[in-house]
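A quick write-up on the structure given underneath.
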Amino acid sequence: MIPLRHYPSLIVVVSLIGASLCAAEPAPAADSASINVWAIRATTKNKEISPELKSIAGKLKKQFKYTGFKLERKSSGSADLGKSFTATLIAGYSAKVTPKKRDGKRMQMQVEVYKEKARKINVTVTVNAGQYQLLGGWKLSSTDALIVAVSAK
Amino acid sequence: MPERSDNLSKALNVMNAEGLDALSPEEMARLEGILNSEPHLAADWADRTPSLDDPLATHVANLDSATAPSRGEWERVWQTVDAEAYESPDRMKLPARVIRLWRPLTAVAACILLLASWQIHRPIKLARNVEISELEVYGGATPFVVSIGDEDGPQVIWVLEDES
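Chains V and R, in that order, give the protein sequences. Residues 24 to 176 in the numbering used here are what the first sequence lists, from first letter to last. Residues 7 to 170 in the numbering used here are what the second sequence lists, from first letter to last.
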């Protein structure tokens, strides 16, 4: 067994590595925002839940008829306030996110979802920066539907 | 008992010349019985030394010949042993150090993997206190704002498409 005198250095090494992994992203410039868009497939065909969605799957199941929730695609980007970031989703869908205003820890953003070139929704929401807003309901098949999760900070 | 003496002498001579293996088990048992019952006979043979018919003994005897290593060869051998003896403690340390370190290193690697997997699969955090300032749907769809969880819980903007 390694002598006790080496444990502090090991702890420091592990802590440094952990801190680097968990380190908060650098704060974006005041006039821009970093944007995340997730495309989620809700289905009645199975009960598979992606790890990132485990915390909300139960709540979604209670409200909607779907039993499986799979995170199919993640997109990240940044845009200046008033400018758009477009993320390709799945099955021909895309999302256009425009950060409008930052007010302290709150972020106002406009979200548009398109199927090919046809716009399906246009919504402007104000949420806590970095937290996700869900939009969904577009049919992908007789058993599947699209849910879009959007965040900006 | 002359006959017994003759037979005994013969047996003892065979044993002396060819070894105990030349006697049959019955002859050996009889010989042992006779020698035990007549101590004076055993005493006659007590001062005789066994022959060196053992293979090992033969080999040892042959070693005393000129083929044994010379003094110089022995010196070289001992010098090599001494040199290796000084190096071996260090050589032993390195592998032992590595072996002792594998447990804490494995623990460190496991911690790193755990942190990395948590980072990669960070759970989604839904927004509460959502303010919707504009909402428009197209193609005859109907929007709903549905709360999931408790009353102040996150809200999902759900679209019911026109299926007609």
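We put the beta carbon where it would ideally sit given N, CA and C, even for glycine.
(message) Here's a check: name, in chain order, each residue in its chain whose Cβ is nearer than 8 Å to the Cβ of Val165 of chain R, leaving out the five neighbours to either side.
(response) Mapped onto the second sequence, residue 165 of chain R falls at position 159. Apart from sequence neighbours up to five positions away, the residues of its chain that approach Val165 of chain R with a beta-carbon distance below 8 Å are Val143, Ala147, Thr148, Pro149 and Phe150, ordered along the chain.
(request) Note down, in chain order, all residues in the stretch 134-154 of chain R with a beta-carbon under 9 Å from any beta-carbon belonging to chain V. (result) Identification of residues in the stretch 134-154 of chain R having a C-beta nearer than 9 Å to some C-beta of chain V yields Arg134, Asn135, Val136, Glu137, Ile138, Ser139, Glu140, Leu141, Glu142, Val143, Tyr144, Gly145, Ala147, Pro149, Phe150, Val152, Ser153 and Ile154, given in sequence order.
(request) Scan the stretch 67-80 of chain V for residues whose Cβ lies nearer than 9 Å to a Cβ of chain R and list them as they occur along the chain. (result) Interface annotation for the stretch 67-80 of chain V against chain R: Ser73, Pro74, Glu75, Leu76, Lys77, Ser78 and Ile79, criterion Cβ-Cβ distance under 9 Å.
(message) If contact is defined by three or more beta carbon pairs under 8 Å, each pair taking one atom from either stretch, is the stretch 53-69 of chain V in contact with the stretch 112-131 of chain V?
(response) With a cut-off of 8 Å, the stretch 53-69 of chain V and the stretch 112-131 of chain V count as touching, because enough Cβ pairs lie within range.
(request) Please list the partners that Tyr89 of chain V has in chain R, where partner means a Cβ-to-Cβ separation under 8 Å. (result) Residue 89 of chain V sits at position 66 when you count from the first residue of the first sequence. Near Tyr89 of chain V there are no residues of chain R at all, since even the closest Cβ is about 11 Å away, more than 8 Å.
(message) Please classify Trp80 of chain R as buried or exposed, where buried requires at least 16 neighbouring CB atoms within 10 angstroms.
(response) Stepping through the second sequence from its first residue, residue 80 of chain R is reached at position 74. Exposed is the call here.
(request) Using a Cβ-Cβ cut-off of 7 Å, state whether Leu163 of chain V counts as contacting chain R. (result) Counting from 1 along the first sequence, the entry for residue 163 of chain V is found at position 140. The Cβ of Leu163 of chain V sits no closer than 7 Å to any Cβ of chain R.
(message) Please classify Ala172 of chain V as buried or exposed, where buried requires at least 16 other C-beta atoms within 10 Å of its C-beta.
(response) Translated into the one-based positions of the first sequence, residue 172 of chain V becomes position 149. Burial call: buried.
(message) I'd like the list of long-range same chain contacts for Ala114 of chain V, defined as Cβ closer than 6 Å, with 5 residues on each side in sequence excluded.
(response) Taking the first residue of the first sequence as position 1, residue 114 of chain V is located at position 91. The answer, listed in chain order, is Leu163.
(message) When you compare the CB of Asn228 of chain V with every CB in chain R, is at least one pair closer than 7 Å?
(response) Here chain V comprises residues numbered 24 to 176, so residue 228 of chain V is not present and cannot be evaluated.
(request) Have a look at Val148 of chain V and Val60 of chain V and give me their C-alpha separation to the nearest angstrom. (result) Position 125 of the first sequence, counted from the first residue, corresponds to residue 148 of chain V. Position 37 of the first sequence, counted from the first residue, corresponds to residue 60 of chain V. Whole-angstrom Cα-Cα distance: 15 Å.
(request) May I have the straight-line CA-CA distance separating Arg106 of chain R from Ala115 of chain R, to the nearest angstrom? (result) As a first step, residue 106 of chain R must be located in the second sequence, where it is residue number 100. As a first step, residue 115 of chain R must be located in the second sequence, where it is residue number 109. Rounded to whole angstroms, Arg106 of chain R and Ala115 of chain R show a C-alpha spacing of 15 Å.
(request) Quick one: residues in its chain with C-beta nearer than 6 Å to the C-beta of Val134 of chain V, no 5 flanking neighbours on either side, listed in chain order? (result) Here residue 134 of chain V refers to the residue found at position 111 when the first sequence is read from its first residue. Val120, Val146 and Val173.
(request) Give a yes or no on whether 7 Å exceeds the smallest Cβ distance from Trp108 of chain R to chain V. (result) Residue numbering aside, residue 108 of chain R sits at position 102 when the second sequence is read from its first letter. So no, Trp108 of chain R is outside the interface.
(request) Closer than 7 Å by beta-carbon distance: list the chain R residues that pair up with Val150 of chain V, in chain order. (result) Against the first sequence, residue 150 of chain V aligns to sequence position 127. Taking a Cβ-Cβ cut-off of 7 Å, the neighbours of Val150 of chain V in chain R comprise Ala133 and Val136, given in sequence order.
(message) From the DSSP secondary-structure annotation, give me the bridge partner or partners of Trp164 of chain R.
(response) For the purposes of this step, residue 164 of chain R is taken as the residue at position 158 of the second sequence. Note: Trp164 of chain R sits in a beta bridge opposite V:Gly159 and R:Phe150.
(message) Mapping the DSSP letters down to three states, classify Val136 of chain R as helix, strand or coil.
(response) Walking along the second sequence from the start, residue 136 of chain R turns up at place 130. Of the three classes helix, strand and coil, the one that applies to Val136 of chain R here is coil, per DSSP.
(message) At the level of alpha carbons, what is the spacing between Pro45 of chain R and Pro75 of chain R?
(response) One-based indexing of the second sequence puts residue 45 of chain R at position 39. One-based indexing of the second sequence puts residue 75 of chain R at position 69. In this structure, the straight-line span from the alpha carbon of Pro45 of chain R to that of Pro75 of chain R is close to 47 Å.
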